[in-house]
Every structure is written in structure tokens, then in C-alpha cells.
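Numbering (the numbering used here), first residue to last: 5 to 352.
This is the structure in C-alpha cells:
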């Protein structure tokens with residue numbers, strides 16, 4: 005029954021979103037409203053959310069929305085408890101005439117209650133609130149930070165990338181947990197794989213000085229790993245430090261060209277991409293040769309001004325022939341070859 009009611013609620017919202025409320029939709033809404041007013045905690049929470057801002061023909065009713073939210077929270081519905089805690093944290097609404105004044109203690113109480121019921125978002129919000137107000141390094145602050153770390157661990161284990169990132173920050177700094185760079189890197193990478201871009205920026209900031217000591221081969225290995233993870237800024241940072249005299253330079257150039265041509269990990273720059281592809285092609289990279297051949301067939305002047313004298317090998321026909329000898333005969337094959345693991349017999 006609960007799942008059926010949830011489905012009806014979603015259908016109701018769809019109907020409202022598509023057109024003015026029909027008699028059928030009105031009856032569905034009234035049935036939903038009665039279900040909420042009967043005391044069903046989830047329905048109370050959903051109706052509160054609907055009334056917070058209003059929806060189509062349903063006007064906003066802030067006072068009723070807050071009342072319903074409190075009823076749901078008091079009934080032990082964790083999402084309502086978490087959201088009520090958030091509203092106590094910020095005050096609601098944000099302008100004058102608030103229905104809820106800022107109250108940190110109330111925010112902590114409701115968020116912790118929801119977190120202890122297993123709500124991962126509440127665990128994250130609770131930890132963030134504790135850490136953001138943490139001040140002096142006295143014993144009470146240290147205890148609060150340790151509590152925040154414990155709740156962050158719960159949220160991270162539940163798969164929240166923002167929690168993984170914040171917990172990684174603690175491991176990187178050794179705050180509330182032992183300093184553990186490897187653990188921080190693992191958490192950042194897990195958050196990156198879940199599409200949380202802040203994690204990548206923090207990873208690069210933490211690892212830049214260590215990466216600067218990598219060999220060119222190690223840099224390329226790591227760059228490819230991060231590229232395949234979708235951490236393009238990290239990959240670009242590693243590729244840029246490969247020594248131009250190293251054998252890996254050609255592959256670094258073509259990957260940087262691909263990044264510049266797509267705006268991956270760096271701003272989009274078509275001219276810079278052409279320069280990287282040309283340098284890689286001159287060094288014999290077949291993927292770069294094929295990509296550059298296609299570019300020059302469409303834009304014959306793409307390399308004008310980049311080199312004082314263009315080598316004869318940088319003509320579309322010569323580039324395609326050279327790429328074909330390495331087995332690169334399509335754009336798909338050229339891009340796929342870019343991301344092969346580093347090996348002595350790799351074609352690029």
C-alpha cells in the first residue's frame with residue numbers, strides 16, 4: 005500500500021506539472037491530503053514539501069508547511085527530521101517574518117535523531133554543522149570533531165560523495181582522525197567516480213607537490229588512470245609535467261590535445277589542441293596523426309602561425325598513411341588508443 009500511495013503521489017505531481025489541475029487530479033490531491041492529515045509521516049513530509057513553495061494551482065502555505073513538517077518529524081520520519089534540522093540551522097524562511105528562528109541546538113538534535121535512524125544525508129549534515137562551528141582545539145572541540153568524523157564515516161559508507169570528500173579532508177589534515185594520505189586519496193577518488201567535482205580539486209591540491217616528483221612513466225600511468233576515472237584536471241596536471249625529452253612526451257601531447265579540444269580538465273582551446281596534436285604527430289603518434297589529418301582536411305589553415313615551417317609529413321594524406329600503418333583508420337580507433345594502458349608495445 006505504501007508503494008502504491010507513493011506512485012499515486014508521483015502521478016499527481018506529473019499531472020499538475022503538465023496542466024492546470026483537472027477534476028481527477030484535484031480528487032487525487034484531496035485523497036493525498038487526507039492521507040497526510042490522518043498522520044501518515046511520509047505523506048505529511050511530502051505535503052509539507054509541496055506547500056513550501058506551492059505548485060501550479062496549489063498555493064504556497066508556509067505556516068501549514070512548517071506545521072506538517074514538525075508533525076512528520078515528531079512522528080519519527082527521518083527525512084523530515086533532517087530537513088527540520090536544516091531549517092533550524094538556517095532559519096526559515098531566510099527573509100523577515102520567520103516561522104523558524106535559527107537554533108543550532110535544535111538543528112543538532114533533529115539531525116542527530118535522523119542520523120541515528122540511518123539517514124545518510126542527516127549524518128552528513130550533522131557532521132558538517134559540527135565541523136563548521138568547531139573552534140579552539142580544546143578537549144570538547146576535539147570530542148565534537150571525533151563525533152563528526154564518525155557520522156561522516158556512516159554517510160561515506162552509504163555512498164554520499166560529499167561525505168567522502170569531507171572525510172578525506174579530515175584524513176589529509178589529520179583532524180579528528182589520524183593523518184592518512186592514502187586513505188584521503190581513496191576517498192577523493194571514490195567521490196570523483198560518483199561525479200563530485202569538488203573532490204578532484206581537493207585531490208589535485210593535496211597531491212600536486214608529490215606528483216611533481218614522479219618519473220615521466222609514472223606520471224603517464226597515473227594520468228591515464230585518472231583520465232579513465234573522469235578526473236581530467238588531475239590527468240592534465242600529471243601530463244603537463246612529463247619531460248619533453250622523454251619517450252612518453254608524444255602520448256602526453258596527444259592527450260593534452262584531446263583535453264584542450266573537448267575542454268576536459270582545462271579550458272577549451274582549439275588552437276592549443278591543434279598545436280598539441282601537431283607536436284604529437286611530428287613525434288610519430290598515430291592517433292594524433294589521424295586526428296590532425298581529419299582537422300586539416302576540414303581546416304587546411306589550422307596550423308598556420310603555429311610552426312615557422314611545416315614538415316612535409318603534416319599533410320592529410322601523409323598523416324593518414326602513417327596512422328594506418330599503426331592500425332589507426334578511424335576516429336573511434338584513434339580515441340580508444342589514447343587510453344590504452346602504458347606498455348612497451350603500445351601503438352602510441
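All residues carry an ideal CB built from backbone N, CA and C; glycine is no exception.
Following the continuous alpha helix (DSSP H) through residue i, name the residue where it begins and the one where it ends.
i           : result
residue 168 : 165-177
residue 358 : With the chain covering only 5 through 352, there is no way to say anything about residue 358.
residue 122 : Residue 122 -> no alpha helix (DSSP H), and no H or E assigned at all.
residue 85  : 82-94
residue 218 : No alpha helix (DSSP H) holds residue 218; DSSP gives it neither H nor E.
residue 261 : 253-266
residue 66  : 66-78
residue 59  : Premise fails: residue 59 is in no alpha helix (DSSP H) and is neither H nor E.
residue 243 : 236-243
residue 31  : 27-41
How would you call residue i, buried or exposed, if buried means at least 16 neighbouring beta carbons within 10 angstroms?
i           : result
residue 280 : buried
residue 135 : buried
residue 174 : buried
residue 335 : exposed
residue 45  : buried
residue 75  : buried
residue 219 : exposed
residue 332 : buried
residue 32  : buried
residue 106 : exposed
residue 311 : exposed
residue 34  : exposed
residue 123 : buried
residue 308 : exposed
Can you tell me the Cα-Cα spacing of residue i and residue j, whole angstroms?
i           : j           : result
residue 157 : residue 171 : 7 Å
residue 319 : residue 340 : 23 Å
residue 148 : residue 113 : 14 Å
residue 176 : residue 337 : 40 Å
residue 150 : residue 208 : 26 Å
residue 191 : residue 179 : 15 Å
residue 231 : residue 239 : 5 Å
residue 41  : residue 265 : 57 Å
residue 188 : residue 247 : 28 Å
residue 343 : residue 198 : 20 Å
residue 80  : residue 234 : 40 Å
residue 48  : residue 210 : 45 Å
residue 204 : residue 271 : 16 Å
residue 131 : residue 214 : 29 Å
residue 155 : residue 165 : 14 Å
residue 236 : residue 201 : 10 Å
Evaluate contact between the segment 239-256 and the segment 218-228, counting only Cβ atoms and requiring at least three cross-stretch pairs below 8 Å.
-> yes
At a cut of 8 Å, does the segment 297-308 reach the segment 245-259 through at least three beta carbon pairs?
-> no
Should the segment 116-131 be called in touch with the segment 75-90, which here means at least 3 C-beta pairs below 8 Å?
-> yes
Any chance you could list the alpha helix (DSSP H) runs of at least 4 consecutive residues sitting entirely within the segment 272-344, in chain order?
-> 274-286, 290-302, 320-329 and 335-342
Is the segment 320-336 close to the segment 282-294, with three or more CB pairs under 8 Å?
-> yes
contact_flag[the segment 60-72, the segment 43-52] where n(CB pairs < 8 Å) is 3 or more = yes
Run through the segment 187-216 for me and flag every whole beta strand (DSSP E) of 3 or more residues, listed as ranges in chain order.
-> none
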